[in-house]
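K.L.:
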Amino acid sequence: MQSPAVTVVGTEETAMMRGGIRAVTIGAAAVVALMISGAVTAAAAVPAVPPTAIPQLAPAEPGTLGECESLIAFEYGNTVITGAEIIAAGTLSGVEVGEHCLVRGHMNERVSEVDGQTYRIGFEMRLPTDWSGRYLYQANGGLDGNVATALGNAGSESGLKLGFAVISSDAGHPGSMGPTFGIDPQARLDYGYQAVGTLTPMAKALIEAAYGKAPDRSYMTGGSNGGRHTMVGAARYAGQYDGFLAVAPGFNLPQAAVAQIWGAQQWVTVATDAADLNTALTPAERRVIADAILSRCDGLDRLVDGLVQDSVRCQKAFSIDRDVLTCESDRDGTCLTAEQKAVVSAVFAGARTSDGEEIYSSFPFDPGLAQPNWAFWKFFASRSLDPGAVGFIFGTPPDPSIPASPLTADIDALAQSIYATSGIYTESGMEFMTPPDPTRLDTLRERGGKMIVVHGASDGVFSVDDTASWYEELDANYRQQADQFARYFEVPGMGHVRGGPATDQYEGLTALIDWVEFGSAPDRIDARVNPANADVPASWSADLSRPLCPYPSVAQYASGDPDSADSFVCKHSGGGIGRR
Numbered sequence: 000m001q002s003p004a005v006t007v008v009g010t011e012e013t014a015m016m017r018g019g020i021r022a023v024t025i026g027a028a029a030v031v032a033l034m035i036s037g038a039v040t041a042a043a044a045v046p047a048v049p050p051t052a053i054p055q056l057a058p059a060e061p062g063t064l065g066e067c068e069s070l071i072a073f074e075y076g077n078t079v080i081t082g083a084e085i086i087a088a089g090t091l092s093g094v095e096v097g098e099h100c101l102v103r104g105h106m107n108e109r110v111s112e113v114d115g116q117t118y119r120i121g122f123e124m125r126l127p128t129d130w131s132g133r134y135l136y137q138a139n140g141g142l143d144g145n146v147a148t149a150l151g152n153a154g155s156e157s158g159l160k161l162g163f164a165v166i167s168s169d170a171g172h173p174g175s176m177g178p179t180f181g182i183d184p185q186a187r188l189d190y191g192y193q194a195v196g197t198l199t200p201m202a203k204a205l206i207e208a209a210y211g212k213a214p215d216r217s218y219m220t221g222g223s224n225g226g227r228h229t230m231v232g233a234a235r236y237a238g239q240y241d242g243f244l245a246v247a248p249g250f251n252l253p254q255a256a257v258a259q260i261w262g263a264q265q266w267v268t269v270a271t272d273a274a275d276l277n278t279a280l281t282p283a284e285r286r287v288i289a290d291a292i293l294s295r296c297d298g299l300d301r302l303v304d305g306l307v308q309d310s311v312r313c314q315k316a317f318s319i320d321r322d323v324l325t326c327e328s329d330r331d332g333t334c335l336t337a338e339q340k341a342v343v344s345a346v347f348a349g350a351r352t353s354d355g356e357e358i359y360s361s362f363p364f365d366p367g368l369a370q371p372n373w374a375f376w377k378f379f380a381s382r383s384l385d386p387g388a389v390g391f392i393f394g395t396p397p398d399p400s401i402p403a404s405p406l407t408a409d410i411d412a413l414a415q416s417i418y419a420t421s422g423i424y425t426e427s428g429m430e431f432m433t434p435p436d437p438t439r440l441d442t443l444r445e446r447g448g449k450m451i452v453v454h455g456a457s458d459g460v461f462s463v464d465d466t467a468s469w470y471e472e473l474d475a476n477y478r479q480q481a482d483q484f485a486r487y488f489e490v491p492g493m494g495h496v497r498g499g500p501a502t503d504q505y506e507g508l509t510a511l512i513d514w515v516e517f518g519s520a521p522d523r524i525d526a527r528v529n530p531a532n533a534d535v536p537a538s539w540s541a542d543l544s545r546p547l548c549p550y551p552s553v554a555q556y557a558s559g560d561p562d563s564a565d566s567f568v569c570k571h572s573g574g575g576i577g578r579r
């Protein structure tokens, strides 16, 4: 449901306008006049901020695992447990974890009447012997389809290692199908949001069977599509979860996927090899752009260190036309042609239909665009992954011609298809994939729940501009008090979920627990480099750290060791509102 065009709060009117937010104060008589005229309805005259105070939730109480193997007999509606065994303490997918019980199973097995395929929601739960009293839903990325190891990884932490009981699922379809599971309407809905709703009460019942009590506190986390799941969870399932940590959230994923295909059609016009979009903008040419951005923007935070902390001011300071050398003859890796500059400018400005309507968000210029992961999303995924997702899952009805020929697909038709319904497909891609009313999170706020969102400035597929615009509207809806229950942190240089020339290692789950259970709001989250990250410049210290600051504040150097986050403060940059 969209926010009303005009919301009246006592004697205040807040006009929500696409592309920006504007607040106007009017008198009570004017409010009455507007209501009489029909410009504002009585239903629209609702508080912009819920009148209730935000409660403080109590901390979780630890527990101890009972017998593990007996959980094979666990019973719950439409649930089959296929295994329950103790896993000894040790290394699991590179993470040191304690002893725990691994339970595997599935729910809602069925044979589709549409495509004849067998579907079920597969899952695994890992239940630590020494339990923190907390439950974590691990939302997975990509098209799901596989039950990833239930480690509950986020930032530099593992939820399982922190004592969470963690669940992971395939979101209701086998990975072997690729995007074609979207032919089945229920598989679409499970992938979009219903698998979370189905698994959550079962997982809590299984925890109660294992420990003799239900979880005291419940959390949800994920990156990419998992970040989308988490944003959807905050809107749909806030009554069942206390805290949400969303990383690189593709909460407008259908829009972003269409924009990716549109981008591929732009890149191919300047590619020297139409079969390889990387030739549209080579690594050397991306390095030229990154260096030009650094030249203009690196020192905006009072320290030249290879990071652009003040992204909002950077967009005003940097011009690709002025600051990047234009080739006078052939491309040689030191310049861009005028045609390349036009394409780069268009892609960063955001995808649009033929009549100029916005399809998806703009992207900010950030030096992290030189990293290989950025190129993967722009040049490979845009013609190899996103077309399948749009053709089979997000668009209605399914259209297999789109993954077959993405470079000639009708973008205007694709942009409409993600909002369409047809026959057995009763919810559009934008309905089942996105959070309903994502800037009105009253349930989350009123029950004392909290939300942290983290996003890299050089994400090549989901834009921080889109996330910043979401937070700006959320904040406006709660009279600039959204930070009482939700905070957004941008990571300079970071690519999609992680990586890039960035401090991408941080304790987001710990920060969320401290906020939810102990009332300690994260005024900053210190982050550090990952020495194993190949995108980190060789000149950077292995101990380099920086604060991640709650939007719209940014990290600014104060004094002291330039490698230490302690030498930085979080300050408002003067930018922020109306970012896009």
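Read in order, the letters of the sequence shown are residues 0 to 579 in numbering that gives the first Met the number 0.
Virtual Cβ for every residue (Gly too), placed ideally from N, Cα, C.
(1) Among 424, 445, 484, 446, which one has its Cα closest to the Cα of residue 452?
(2) Just mark residue 200 as buried or exposed, buried being the case when its beta carbon has 16 or more other beta carbons within 10 Å.
(3) My output table needs one value for residue 429: the three-state DSSP class, helix, strand or coil.
(4) Residue 269 to residue 335, Cα distance in whole Å?
(5) Can you tell me whether DSSP reads residue 39 as helix, strand or coil?
(6) Count the CB pairs spanning the segment 153 to 162 and the segment 96 to 109 that are closer than 8 Å, and state whether there are at least three.
(7) Taking the straight line between their C-alpha atoms, what separation do you get for residue 263 and residue 312?
(8) From which residue to which residue does the beta strand (DSSP E) around residue 220 run?
(9) Between which residues of its own chain and residue 79 is the CB-CB distance below 6 Å, once the five residues before and five after are set aside?
(10) Name the DSSP bridge partner or partners of residue 127?
(11) Can you list, in chain order, the residues of its chain whose CB lies under 6 Å from that of residue 135, leaving out five sequence neighbours each side?
(12) Would you mind listing the alpha helix (DSSP H) stretches within the segment 51 to 103 that are 4+ residues and don't spill past its ends, in chain order?
(13) To the nearest angstrom, how far is it from the Cα of residue 366 to the Cα of residue 560?
(14) Rounded to whole angstroms, what is the Cα-Cα separation between residue 476 and residue 464?
(15) In three-state terms, what does DSSP make of residue 562?
(16) For the alpha helix (DSSP H) containing residue 441, list its first residue and its last residue.
(17) Who does residue 242 pair with in a DSSP beta bridge?
(18) Cβ atoms of residue 504 and residue 526: under 8 Å apart, would you say?
(19) Using the three-state DSSP reduction, which class does residue 313 fall into: helix, strand or coil?
(20) Pick out whichever of 514, 439, 572, 376 has its Cα sitting closest to the Cα of residue 223.
(21) Based on Cα-Cα distance, which residue from 492, 253, 396 lies nearest to residue 364?
(22) Roughly how many angstroms separate the alpha carbons of residue 256 and residue 65, rounded to a whole number?
(23) Is the segment 501 to 516 in contact with the segment 269 to 285, if contact means three or more CB pairs nearer than 8 Å?
(24) DSSP beta-bridge partners for residue 549?
(25) Are the CB atoms of residue 508 and residue 247 nearer to each other than 8 Å?
(26) Specify the secondary structure class of residue 107 as computed by DSSP and reduced to three states.
(27) May I have the straight-line CA-CA distance separating residue 88 from residue 132, to the nearest angstrom?
(28) Buried or exposed: where does residue 571 fall if 16 or more other Cβ atoms within 10 Å of its Cβ makes it buried?
(29) Could you have a look at residue 359 and say whether DSSP puts it in helix, strand or coil?
(30) Using CA atoms only, rank isn't needed, just tell me which of 563, 523, 415 is closest to residue 542.
(31) Beta strand (DSSP E) containing residue 568: first to last residue?
(32) Which value, in whole angstroms, describes the spacing of the CA atoms of residue 374 and residue 236?
(33) What is the DSSP secondary structure of residue 117, counted as helix, strand or coil?
(34) When the Cα of residue 529 is compared with those of 196, 144, 155, 351, which residue comes out closest?
(35) Out of 119, 533, 114, 125, which one is the CA nearest neighbour of residue 67?
(36) Taking residue 454 as the reference, which of 225, 401, 406 has the closest Cα?
P.N.:
Well, looking at it:
(1) 484
(2) With fewer than 16 Cβ atoms within 10 Å of its Cβ, residue 200 is classed as exposed.
(3) Helix at residue 429.
(4) 11 Å
(5) Interpretation of residue 39 is limited by its pLDDT of 39, a score under 50 that renders its predicted location unreliable; the figure taken from the coordinates is listed afterwards. Of the three classes helix, strand and coil, the one that applies to residue 39 here is coil, per DSSP.
(6) The segment 153 to 162, when compared against the segment 96 to 109, does touch it at the 8 Å Cβ threshold.
(7) 28 Å
(8) 216 to 222
(9) Residues of the same chain with a CB within less than 6 Å of the CB of residue 79, apart from the 5 flanking positions on each side, are 104, 105 in chain order.
(10) Under DSSP, residue 127 shares a beta bridge with 99.
(11) Excluding sequence neighbours, residue 135 sits near 151, 158, 163, 165, 218.
(12) none
(13) 23 Å
(14) 18 Å
(15) coil
(16) 441 to 445
(17) 218, 449
(18) yes
(19) helix
(20) 376
(21) 492
(22) 46 Å
(23) no
(24) Residue pairing of residue 549 in beta bridges, as defined by DSSP: 488.
(25) no
(26) Residue 107 falls in the strand class under three-state DSSP.
(27) 19 Å
(28) Exposed, because fewer than 16 other Cβ atoms sit within 10 Å of the Cβ of residue 571.
(29) coil
(30) 563
(31) 567 to 571
(32) 35 Å
(33) strand
(34) 155
(35) 125
(36) 225
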